[in-house]
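Start counting the sequence shown at 1; every next residue gets the next number (this note's numbering).
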Amino acid sequence: LAHATYGFHPGAILTGTGVEDERVWGCTVWGMGDVAAAILNPDGISASSHSDGICLNTSVWLDGKQIMEKGKMVKSDLAKLAKELGEI
1 LAHATYGFHP GAILTGTGVE DERVWGCTVW GMGDVAAAIL NPDGISASSH
51 SDGICLNTSV WLDGKQIMEK GKMVKSDLAK LAKELGEI
């Protein structure tokens, strides 16, 4: 696993282009394979390629507490921020 990221751009739409797709609200992105040498962990293993997989409508738990259910914020303070950004 090279990286795991979350998409929280309220205006991003799924278009088939990775740059915007990785920012779609409520998604997670899982990067597998090589990362830039500058950010490779000293104990990491380089690879010959890199690919990202995007999961839409993700449910997320952090430290045993659910913060997102099927792409929607459920933790009250985060849900409030999401609503202010136009996401519910």
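In this text, a Cβ means the ideal position worked out from N, Cα and C, and glycines have one as well.
Taking the CA atoms as reference points, Gly71 sits about 29 Å from Ala36. In the same chain as Leu14, and ignoring 5 residues on each side of it, the C-beta atoms closer than 6 Å to its own belong to Asp21, Val24, in chain order.
At a Cβ-Cβ threshold of 9 Å, Met68 and Ser59 count as neighbours. With respect to the C-alpha of Asp43, the residue from Asn57, Glu87, Ala2, Leu85 having the closest C-alpha is Ala2. Annotation: Ser76 is outside any beta strand (DSSP E); the continuous alpha helix (DSSP H) that includes it extends over 76-84.
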